[in-house]
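Numbering (our numbering), first residue to last: 66 to 377.
Where a beta carbon is used, it is the ideal one built from N, C-alpha and C, also for glycine.
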Ligand SMILES: Nc1ncnc2c1ncn2[C@@H]1O[C@H](COP(=O)(O)OP(=O)(O)OP(=O)(O)O)[C@@H](O)[C@H]1O
Ligand code: SF4
Ligand SMILES: [Mg+2]
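Printed below as a string of structure tokens:
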């Protein structure tokens with residue numbers, strides 16, 4: 066097992082649940098997507114994997130293991146894996162960049178720690194990567210600070226940093242939102258190449274089903290901090306079984322909305338299935354729905370969809 070979440074549960078300090086117990090694993094060469102609308106808990110899940118939960122958020126249970134090391138516990142073993150074998154592109158580039166550090170020192174940050182590599186050697190080694198990310202490779206650019214970069218350049222710098230130690234596994238949290246369409250396409254093909262050539266495994270987080278369709282083989286759909294549906298990307302996109310996934314797909318196809326409404330804030334979510342107030346297929350059993358310990362790699366949590374499928 067390379068990366069494994071086992072019943073990971075997250076709560077606010079006051080006890081309100083932010084992520085119901087969630088389990089899945091990511092192996093080398095895997096191309097997995099995590100989708101769900103804003104506030105569904107995608108970024109919190111990743112922050113838990115890297116042991117950087119925001120203040121006021123606590124792990125309510127479960128565990129996160131990468132390459133045999135508990136990532137949710139402090140320790141030197143965890144620090145050796147973070148940024149080296151398992152890397153992360155955070156959703157907010159400013160979260161990853163130090164305003165007082167030049168571009169060249171950002172690029173050397175992880176190789177300096179994990180490989181004891183000198184800065185000049187890192188800049189030479191990373192030149193082809195910077196070129197593919199359409200970042201300048203001249204001294205003037207290397208000496209800039211994050212505040213002197215465009216939003217797209219900051220995001221590409223974060224991508225270069227995450228790839229700087231040739232990770233085996235990569236978690237990408239909305240990696241292409243600030244990029245123009247040409248650079249987005251270039252970045253997608255870079256990821257597909259790294260996966261095919263080196264067996265890079267990635268978890269690609271987005272609210273955009275169009276993006277995951279082109280870069281992932283399997284999906285986990287989150288809503289309101291709960292796993293709703295998991296399975297092969299092609300099957301889910303061709304024939305979604307969960308009413309929330311259907312809604313996401315119709316939004317991606319820009320079809321007229323089946324329903325309106327918003328994901329309620331944590332603490333204001335209904336008992337049972339969190340999609341209940343918006344769901345056109347709600348049945349009596351949906352209110353009595355208990356948090357679910359899955360799905361692992363393939364599965365579904367929905368009263369009406371399971372009833373349609375008939376008795377197991
Ligand atoms: N520090 C925090 N304290 C309390 N609640 C938080 C904290 N950070 C996030 N939340 C709440 O947890 C929920 C999940 O947030 P998260 O950022 O993981 O969502 P997301 O799925 O990544 O959304 P987006 O698509 O907008 O990035 C949200 O309701 C958010 O308001
Ligand atoms: S039918 Fe029930 S369980 Fe399924 S998504 Fe709708 S409210 Fe949730
Ligand atoms: Mg997020």
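query                                                                                                                           : result
Quiz: which residues have CB nearer than 5 Å to ligand 2 non-hydrogen atoms                                                     : 308, 338, 340, 341, 344, 346, 347, 351, 367, 368, 369
Cut-off 6 Å between Cβ atoms - residues of its own chain near residue 377, not counting five sequence neighbours on either side : In this prediction, residue 377 has a pLDDT of 42, which is less than 50 and means its spatial position is unreliable; nothing more can be read from the coordinates.
8 Å CB neighbourhood of residue 102 in its chain, flanking five on each side removed                                            : 272, 288, 313, 328
Residue burial classification, residue 204 (beta-carbon count within 10 angstroms, cutoff 16)                                   : exposed
Anticipated Cβ contact below 8 Å, residue 230 with residue 176, distance rounded                                                : 6 Å
Cβ neighbours of residue 310 in the same chain (closer than 7 Å, five flanking residues each side left out)                     : 286, 293, 294, 301
DSSP three-state assignment for residue 229, whether helix, strand or coil                                                      : coil
Coarse secondary structure for residue 105, derived from DSSP in three states                                                   : coil
At least three beta-carbon pairs within less than 8 Å, the stretch 106-115 to the stretch 83-96                                 : yes
Cβ pair residue 75, residue 114 closer than 9 Å                                                                                 : no
As assigned by DSSP and simplified to three states, the class of residue 376                                                    : Note that residue 376 has pLDDT 49, beneath the 50 cutoff, so the model's placement of it is unreliable and the number below is only indicative. In the structure shown, residue 376 sits in coil (DSSP, three-state: anything other than H, G, I, E or B).
Near ligand 3: residue 236 beta-carbon under 8 Å from a heavy atom                                                              : no
Residue 119: CB within 8 Å of a non-hydrogen atom of ligand 1                                                                   : yes
DSSP bridge partner residues for residue 269 (one or two, in chain order)                                                       : 98, 237
Inside the stretch 246-330 only - beta strand (DSSP E) runs reaching at least 3 residues                                        : 266-271, 283-288, 291-297
C-alpha distance - residue 244 paired with residue 197, whole-angstrom precision                                                : 13 Å
Residue 131, DSSP secondary structure in three states                                                                           : strand
Alpha helix (DSSP H) segments (min. 4 residues) lying fully within the stretch 155-199                                          : 158-161, 168-179, 184-190, 192-197
Residue 206 to residue 186 span [Cα, whole Å]                                                                                   : 17 Å
CB of residue 118 within 9 Å of CB of residue 268, strictly                                                                     : no
Counted within 10 angstroms of its Cβ, other Cβ atoms place residue 239 as buried (16 or more) or exposed                       : buried
Coil, strand or helix - residue 206 by DSSP                                                                                     : helix
Endpoints, the beta strand (DSSP E) within which residue 85 is located                                                          : 82-91
Burial state of residue 250, where buried means 16 or more other Cβ atoms lie within 10 Å                                       : exposed
C-alpha distance - residue 335 paired with residue 354, whole-angstrom precision                                                : 10 Å
Three or more C-beta pairs below 8 Å linking the stretch 156-163 and the stretch 213-223                                        : yes
Within 9 Å, strictly: CB atoms of residue 234 and residue 68                                                                    : yes
Which listed residue (199, 96, 193, 147) has its alpha carbon closest to that of residue 174                                    : 147
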